[in-house]
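Q: Chains as they are written, first to last, in our numbering: chain A, 374 to 580; chain B, 374 to 580.
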DNA sequence: TCATAAAACGACACTGTTGTCGTTTTTAAG
DNA sequence: CTTAAAAACGACAACAGTGTCGTTTTATGA
């Protein structure tokens, strides 16, 4: 009687399956992936996989949530250096991520969300909207805090600058996903972005 | 003997099929569309459709080419107003297009290209790359021409500004494709873009 | 009006993927 | 060591979509 394996075991197995799935998604994107691919990669039977996940979409959503849990947005109280320096760091981090796009889920995400826009009418997926708003909010708060502390003198409303910043980073990310980072000159564009942010925020230069 | 219908007829039929396909793609995106959808929409049989196109991908590529042939990039010699005014016009045009995203192929394109990145390794699709380079080149030329004429004083290299501009517009387009134009505040972001372009180009103000 | 080439039709065989379910294996409590 | 619960297995039926091909219809030159 009683469960044959521990909850711990099941939790771990679930994670293993998600890790296998992640490898597959990074390598093949979303649309072309089948349950077969994942169970092969995980070295597990059809029945086993379906015991944990109902279908591909379910796998992907779980994976997304798991990934989300990991990288919590870190703009809240970073301490390190001036606000302007923090912003530079953040942008540099984005650049790194864009340049390593082949080792991330970015492309798969792009596929997933673009192909789900149409089905999602029924479900009205809150995920993307929530994520977008969360990031915009974090940036806006950051800019406003910087303004209060006299480190920034925003020339336009903080929310406008936030949204704009997100657009640029997203745009660059997606272009790079399609064209490759040599083509889109990521570093160069990040410099241009920094230039425009300097104009938008007029930070106190501590040089 | 001899062909039963004119070349003209066949050309027209082809166009009709592509128009039907376009309607379907605008409505359903790319991934979820089947040949069945298209032949239903066109009111034609399976055999007829396959007589003109080998498969879905073929249909889509033909449609892309047909669309491309229509809107030739118009930055070459527009004449209307100052360079800065021309730039404003162009951006306004982009804004209109973004706001009407539901009536365009933008979403389908996004799906098509993101799901084709992985297959395209074999074929190494030149389409996107070529399109990107073409637009960047047109913008760069435009900026340089403006600089020579004393209308712009670019603060960064013209190609950098071009690429950056394309990133912003693309980013905004894709975000809007996912989130809707209320969410992304298209107009507001376009204003921010204009502000930054003003800083980047330092145009002579003819106000 | 007839003959015929080709355009249109749609049934069908084929393929790839999904999700299920009866069977086998494994695990740990008794 | 036995036993039963449940975890893992994998064959399979069902389904959806594709591309083909033999048949029917249509358009036009003779």
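Backbone N, C-alpha and C define an ideal beta-carbon position, used for all residues, glycine too.
Out of A:383, A:421, A:477, A:490, state which residue places its alpha-carbon closest to the alpha-carbon of residue 551 of chain B.
A: Here the closest residue by C-alpha is A:490.
Q: Note down the Cα distance separating residue 465 of chain B from residue 430 of chain B, rounded to an integer number of angstroms.
A: Between residue 465 of chain B and residue 430 of chain B, the C-alpha separation is close to 32 angstroms.
Q: What does the alpha-carbon distance come out to for the pair residue 559 of chain B and residue 472 of chain B?
A: Approximately 7 angstroms between the Cα atoms of the pair.
Q: Assuming residue 481 of chain A and residue 398 of chain A make a contact with CB atoms under 8 angstroms, what is their CB distance in whole Å?
A: The pair is a contact, with the Cβ atoms about 4 angstroms apart (cut-off 8 angstroms).
Q: Residue 562 of chain B touches chain A at which residues, Cβ-Cβ below 8 angstroms?
A: Going along chain A in sequence order, the residues near residue 562 of chain B (Cβ under 8 angstroms) are 533, 536, 537, 540.
Q: Between residue 433 of chain B and chain A, is any beta-carbon pair separated by less than 8 angstroms?
A: Chain A, which has no Cβ nearer than 8 angstroms to the Cβ of residue 433 of chain B, makes this no.
Q: Taking the continuous alpha helix (DSSP H) assigned at residue 532 of chain B, which residues delimit it?
A: From DSSP, the alpha helix (DSSP H) with residue 532 of chain B extends over 531 to 552.
Q: With a threshold of 8 angstroms between beta-carbons, can residue 456 of chain B be considered close to chain A, or not?
A: Output row for residue 456 of chain B: interface = no.
Q: So residue 540 of chain B and residue 512 of chain B are supposed to be a Cβ contact under 8 angstroms. How far apart are they, rounded?
A: Between residue 512 of chain B and residue 540 of chain B the Cβ distance is about 12 angstroms, and since that is not below 8 angstroms, they are no contact.
Q: Assign residue 421 of chain A to one of two classes, buried (16 or more other C-beta atoms within 10 Å of its C-beta) or exposed (fewer than that).
A: Residue 421 of chain A comes out exposed.
Q: Do residue 413 of chain A and residue 401 of chain A have their C-beta atoms closer together than 8 angstroms?
A: No.
Q: State yes or no: is the C-beta of residue 572 of chain B within less than 8 angstroms of the C-beta of residue 565 of chain A?
A: No, the pair does not count as a contact, with Cβ atoms beyond the cut-off.
Q: May I ask you to report which of helix, strand or coil DSSP gives residue 421 of chain B?
A: Helix at residue 421 of chain B.
Q: Out of B:546, B:563, B:405, state which residue places its alpha-carbon closest to the alpha-carbon of residue 485 of chain A.
A: For the residues B:546, B:563, B:405, the minimum Cα distance to residue 485 of chain A belongs to B:405.
Q: Output, in sequence order along the chain, the residues in the stretch 461 to 491 of chain A whose CB is closer than 8 angstroms to any CB in chain B.
A: Result list: 480, 483, 484, 486, 487, 488, 490, 491.
Q: Between which two residues does the alpha helix (DSSP H) holding residue 432 of chain A run?
A: That run of the alpha helix (DSSP H) goes 429 to 443.
Q: Please list the residues of the stretch 389 to 419 of chain A that have a C-beta atom closer than 9 angstroms to any C-beta atom in chain B, keeping them in chain order.
A: Cβ contacts with chain B: 400, 401, 402, 403, 404, 405.
Q: Mind checking if residue 383 of chain A is an interface residue toward chain B, Cβ cutoff 8 angstroms exclusive?
A: Judged by the 8 angstroms Cβ criterion, residue 383 of chain A is not in contact with chain B.
Q: When the Cα atoms are used, what is the spatial distance from residue 561 of chain A to residue 506 of chain A?
A: Each residue's alpha carbon lies about 28 angstroms from the other.
Q: Are the C-beta atoms of residue 508 of chain B and some chain A residue less than 8 angstroms apart?
A: False, the Cβ-Cβ gap to chain A never drops below 8 angstroms.
Q: With distances taken from CA atoms, which of A:470, A:538, A:478, A:459 is nearest residue 436 of chain A?
A: The shortest C-alpha separation from residue 436 of chain A is found at A:478.
Q: Does any CB atom of chain B fall closer than 8 angstroms to the CB of residue 567 of chain A?
A: Cβ-Cβ to chain B under 8 angstroms: no for residue 567 of chain A.
Q: My guess is that residue 547 of chain B and residue 547 of chain A are in contact by the Cβ rule of under 8 angstroms, so how many angstroms apart are they, rounded?
A: So it is a contact: roughly 5 angstroms between Cβ atoms.
Q: Starting from residue 521 of chain B and walking both ways along the alpha helix (DSSP H), at which residues does that stretch end?
A: Here the alpha helix (DSSP H) through residue 521 of chain B covers 500 to 521.
Q: Residue 588 of chain B CB to nearest chain A CB: under 8 angstroms?
A: The first residue shown for chain B is 374 and the last is 580, placing residue 588 of chain B beyond what the model contains.
Q: Identify, in the order they occur along the chain, each residue of the same chain with its Cβ nearer than 6 angstroms to the Cβ of residue 577 of chain A, setting aside the five sequence neighbours on each side.
A: Answer for residue 577 of chain A: 524, listed in chain order.
Q: When the cut-off is 8 angstroms and only beta carbons count, does residue 513 of chain B lie next to chain A?
A: Judged by the 8 angstroms Cβ criterion, residue 513 of chain B is not in contact with chain A.
Q: For residue 323 of chain A, which of A:549, A:432, A:501 has the nearest alpha-carbon?
A: This structure cannot speak to residue 323 of chain A, because chain A is shown only from 374 to 580.
Q: Given that residue 517 of chain B touches chain A, what residues does it touch there, using C-beta distances under 9 angstroms?
A: Near residue 517 of chain B there are no residues of chain A at all, since even the closest Cβ is about 16 angstroms away, more than 9 angstroms.
Q: Tell me the DSSP secondary structure of residue 478 of chain A in three-state form.
A: If DSSP states are grouped into helix, strand and coil, residue 478 of chain A belongs with coil.
Q: Check whether the Cβ of residue 425 of chain A lies closer than 8 angstroms to any Cβ atom in chain B.
A: False, the Cβ-Cβ gap to chain B never drops below 8 angstroms.
Q: Quick check on this structure: which residue in A:499, A:454, A:415, A:488 has the alpha carbon closest to the alpha carbon of residue 438 of chain A?
A: Ranking A:499, A:454, A:415, A:488 by Cα distance to residue 438 of chain A puts A:499 first.
Q: Within this structure, are the beta carbons of residue 553 of chain A and residue 544 of chain B separated by less than 8 angstroms?
A: No, Cβ-Cβ distance for residue 553 of chain A and residue 544 of chain B is not below 8 angstroms.
Q: According to DSSP, is residue 379 of chain A part of a helix, a strand, or is it coil?
A: DSSP places residue 379 of chain A in coil when its eight states are reduced to three.
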